[in-house]
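S.K.: In this note's numbering, the protein residues as written are 646 to 1149. Next up is a structure, given as structure tokens.
Given below as structure tokens:
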């Protein structure tokens, strides 16, 4: 409906709108929510509305000021403008006042004041601007606060209500607003409902990109990249990140471009490319961006920020034991700030560091706490996204309970543990000592290339496309590789090839 309204205003003669400031200012709202805050700000600056004596016009402009600044990723300026606007917008302007309360709730949330954010949301509900549009924003903001606090189930319920608030309820939840739609995709992704998340992203990612919401653009492109990588479509994953980086530079949103680099480093880490991942991390290390992230609570960086990415790299390619102490400090900071979702991720990484460093008792205690919380809230991708190292830790925890025949006192955790084990798949076969392994020349050049693509995460169909061969030819290469290497699976083949120096 906002898009329809925007088209109507675009069809009106500019000379007619200039004579009627009140309809003109309503058109600014439509522009803001469909084509983004920059275009809306340009329209306001080019109009004479700021000089209008109509109190309704001034109320709408006052409500827009902090909202536009927040949407432009200028939260500190938005906070200052918003405090002034709260004094200027009268209760009689119910729509403007409700939008202002919702905008201020978002600003207070980013600045770390959850209590005041909730108070602003209460104000939005009480302002009688409680149409479906404002209801969508209010429920979305409540969901964001729940998500940051680690209450995934509450957040999912909020986002589902929000995404259906602006349209007739339907099975796919695909006719809502981009603000709520991307958030609903986030909780679907976290629950490992990748098909649903992909469907929602197909609908809402283009909208989020058009409006230009920084955190929504980051979240949606990163999710698309991860879903593509899980499916073995590495090229599509890299394209999503290249697109995100380009958007960041084109729209002068450096945080967006840096987020693309950070996620690219993570993808390279999963491919086993330590030097390349480190180079991307160095390119992403922009002090101003990450100092600001430390001071604010930006949803896109709740789990993905520079310090944690650097510690993840240390776990994979450096001295894992040296990561335990800084991860403990990060965990304490997250808990003190009430950032429970972040705390779960950090505690998982600390458990992985303890496991890699041989601190088995501490690692088992840590992973038990992580799995308990994950089971309660349905957190799945938080664990799965950490890959083989997390899988090894979870398997050892499960094996320890099985060997000890520990009676379960937490059936929810046990069910969740089974779900994770199923998602990780069977453990790779143990590596032999390399005796009797074939010399590198016993593998053909094409088989070496298949191994390289396999190590990078490509699926059979994606490899076929890269090599210009059929799927059946790829399957033949894989069977030959397993026979020559003595491998029992794809991951086993890659591990053996790396151990024998056949691939990097």
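Each residue gets a CB set at the ideal place from its N, CA and C atoms; glycine is no exception. As the structure is a prediction and not an experimental result, all values here were calculated from the model.
1. According to the neighbour-count rule (16 or more other Cβ atoms, all chains shown, within 10 Å of its Cβ), is residue 673 buried or exposed?
2. Hey, which unbroken runs of the alpha helix (DSSP H) at 4 residues or more fall wholly within the segment 998 to 1054?
3. Could you name the residues of the same chain whose beta carbon sits closer than 8 Å to that of residue 949, not counting the 5 residues immediately before and after it, in chain order?
4. Is DSSP giving residue 717 helix, strand or coil here?
5. Leaving out five residues before and five after residue 973 in sequence, what residues of the same chain have Cβ atoms less than 8 Å from its Cβ?
6. Can you list, in chain order, the residues of its chain with a C-beta nearer than 7 Å to that of residue 652? Leave out the 5 residues immediately preceding and following it.
7. Between which two residues does the alpha helix (DSSP H) carrying residue 889 extend?
8. So, helix, strand or coil for residue 730, using DSSP?
9. Comparing the C-beta of residue 919 with each C-beta of chain B, is any distance below 7 Å?
10. In whole angstroms, what is the alpha-carbon distance linking residue 987 and residue 799?
11. With distances taken from CA atoms, which of 881, 675, 824 is nearest residue 854?
12. Report yes or no: do the segment 997 to 1006 and the segment 955 to 975 share at least 3 C-beta pairs separated by less than 8 Å?
13. Alpha carbon to alpha carbon, what distance is there between residue 1122 and residue 886?
14. If you compare alpha carbons, which of 917, 860, 931, 990 is closest to residue 953?
15. What number of angstroms, rounded off, separates the C-alpha of residue 1063 from the C-alpha of residue 891?
16. With DSSP collapsed to three states, give me the class of residue 698.
17. Can you tell me where the alpha helix (DSSP H) with residue 1114 in it begins and where it stops?
18. Grab the span of the alpha helix (DSSP H) containing residue 971 for me, first residue to last.
19. Three-state secondary structure (DSSP) at residue 871?
20. Which residues mark the beginning and the end of the alpha helix (DSSP H) in which residue 849 is found?
21. If you draw a straight line from the alpha carbon of residue 763 to that of residue 749, how long is it in whole angstroms?
22. Measure the C-alpha to C-alpha separation of residue 859 and residue 1045 and round it to an integer number of angstroms.
23. Checking 7 Å against the spacing of the C-beta atoms, do residue 782 and residue 755 come in under that value?
24. Would you decide whether residue 851 is buried or exposed? Buried here means 16 or more other CB atoms lie within 10 Å of its CB.
25. Assuming residue 993 contacts residue 1022 (C-beta within less than 8 Å), just tell me the rounded distance between them.
26. For residue 772, is the classification buried or exposed, using 16 other Cβ atoms within 10 angstroms of its Cβ as the cut-off for buried?
27. Might you give, ordered along the chain, the residues of its own chain that have their beta carbon closer than 8 Å to the beta carbon of residue 1066, omitting 5 neighbours on each side?
28. Does DSSP classify residue 779 as helix, strand or coil?
29. So, using beta-carbon positions, are residue 1148 and residue 1092 closer together than 7 Å?
30. Which of the three DSSP states, helix, strand or coil, is assigned to residue 836?
31. Are the beta-carbon atoms belonging to residue 829 and residue 808 less than 7 Å from one another?
32. Quick check: what's the CA-CA separation for residue 667 versus residue 685?
33. So, with DSSP's three-state summary, where would you put residue 736?
34. Count Cβ pairs between the segment 870 to 889 and the segment 954 to 965 that sit closer than 8 Å; are there 3 or more?
35. Output the distance between the C-alpha atoms of residue 1057 and residue 670, rounded to the nearest integer angstrom.
36. Give me the residue from 844, 789, 1033, 780 with the minimum Cα distance to residue 1070.
M.R.: This is what the structure holds:
1. With a 10 Å radius around the Cβ and a threshold of 16 neighbouring Cβ atoms, residue 673 comes out buried.
2. Runs of the alpha helix (DSSP H) inside the segment 998 to 1054: 1005 to 1022, 1026 to 1029, 1032 to 1049.
3. 867, 904, 907, 908, 911, listed in sequence order.
4. Here residue 717 sits in coil by DSSP.
5. Excluding residues within five positions, the ones whose Cβ falls inside 8 Å are 995.
6. Correct list: empty, nothing qualifies.
7. From DSSP, the alpha helix (DSSP H) with residue 889 extends over 879 to 895.
8. Note: residue 730 maps to helix in three-state DSSP.
9. Absence of chain B from the displayed structure is noted, only one protein chain being present.
10. Straight-line Cα distance between these residues: approximately 16 Å.
11. When each option's Cα is compared against that of residue 854, the closest is 824.
12. The answer is yes - the segment 955 to 975 touches the segment 997 to 1006, with three or more Cβ pairs under 8 Å.
13. C-alpha separation (whole angstroms): 30 Å.
14. When only C-alpha atoms are compared, the closest one is 990.
15. Each residue's Cα considered, the two are about 41 Å apart.
16. In the three-state reduction of the DSSP assignment, residue 698 falls in the coil class.
17. Per DSSP, residue 1114 belongs to no alpha helix (DSSP H) and is neither H nor E.
18. Annotation for residue 971: the continuous alpha helix (DSSP H) segment containing it runs 969 to 981.
19. Looking at residue 871 - three-state DSSP - the assignment turns out to be helix.
20. Start and end: 839 to 856.
21. Approximately 10 Å between the Cα atoms of the pair.
22. Computed Cα separation, rounded: 44 Å.
23. It is not a contact, given that the beta carbons lie outside the stated cut-off.
24. In summary, residue 851 is exposed, with fewer than 16 beta-carbon neighbours lying within 10 Å of its beta-carbon over all protein chains present.
25. So it is not a contact: roughly 13 Å between Cβ atoms.
26. The residue in question, residue 772, is buried, as its Cβ has 16 or more Cβ neighbours within 10 Å.
27. Counting only Cβ-Cβ distances below 8 Å, and skipping sequence neighbours, we find 1039, 1040, 1043.
28. It is helical.
29. Taking C-beta atoms as the reference points, residue 1148 and residue 1092 fail to come closer than 7 Å.
30. In the three-state reduction of the DSSP assignment, residue 836 falls in the coil class, being assigned neither a helical nor a strand state.
31. Pairing residue 829 with residue 808 gives a Cβ-Cβ distance under 7 Å.
32. For the pair residue 667 and residue 685, the Cα-to-Cα distance works out to about 15 Å.
33. Looking at residue 736 - three-state DSSP - the assignment turns out to be coil, as it is neither helix nor strand.
34. Taking a contact to require three or more Cβ pairs closer than 8 Å, the segment 870 to 889 and the segment 954 to 965 do not qualify as touching.
35. Taking the straight line joining both Cα atoms gives about 52 Å.
36. Of the candidates 844, 789, 1033, 780, the one whose C-alpha sits nearest the C-alpha of residue 1070 is 1033.
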